[in-house]
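Trainee: In mature numbering (1 follows the signal peptide of the UniProt record, and there is no 0), the protein residues as written are -18 to -1, 1 to 137.
Positions of the beta carbon are idealized from the N, C-alpha and C atoms, including for glycine.
1) Does the distance from the C-beta atom of residue 91 to that of residue 60 stay below 7 Å?
2) Starting from residue 79, follow the beta strand (DSSP E) in both directions and report where the run begins and ends.
3) Ignoring anything shorter than 3 residues, give me the beta strand (DSSP E) runs that lie fully in the region 10 to 55, in order along the chain.
4) Closer than 6 Å to a non-hydrogen atom of the ligand MG - does that hold for the CB of residue 7?
5) At the level of alpha carbons, what is the spacing between residue 88 and residue 120?
6) Report yes if the C-beta distance between residue 108 and residue 52 is below 7 Å; otherwise report no.
7) According to the neighbour-count rule (16 or more other Cβ atoms, all chains shown, within 10 Å of its Cβ), is residue 49 buried or exposed?
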């Protein structure tokens, strides 16, 4: 057995034996958003094709990335409140996702206007894949800038 196999085996044993101590904080069967009234393209949202590619635990929020792999995703970076000690976790199953930093940062891409505007707003979020919070509670975001990458691959 080489050293890489031994390390992999040790990691697998650690994961299997330690998994009984994990506590579920939030869980979703489908990702649902708290979409504002009259938000663009909200009717075409299909929760069953929304995929989360990243999660980051901030000081007071949990950030979730949902890149726009398919048309209709209302927000590509969302958050839910971080649960604190003593909170009844059963009441926090499938919390609605909130757009981060707000819905205006996502509306141009959600409506598709960013593809037809001669001078698109490059300050909006298009399709976030990864996010990290540093020790100063700053959020670093990796946005591919590609919409509908699986359906039509528009840039």
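Mentor: Per the coordinate set shown:
1) With respect to residue 60, residue 91 sits apart: the two C-beta atoms are not nearer than 7 Å.
2) Segment: none, residue 79 is in no beta strand (DSSP E) and carries neither H nor E.
3) DSSP assignment within the region 10 to 55 yields the following whole beta strand (DSSP E) runs of 3 residues or more, N-terminal first: 36 to 39, 43 to 47.
4) Absent from the structure shown: the ligand MG. Ligands present: none.
5) A straight-line Cα-Cα distance of about 19 Å links residue 88 and residue 120.
6) For residue 108 and residue 52, no; Cβs fall outside 7 Å.
7) Per the 10 Å Cβ criterion, buried.
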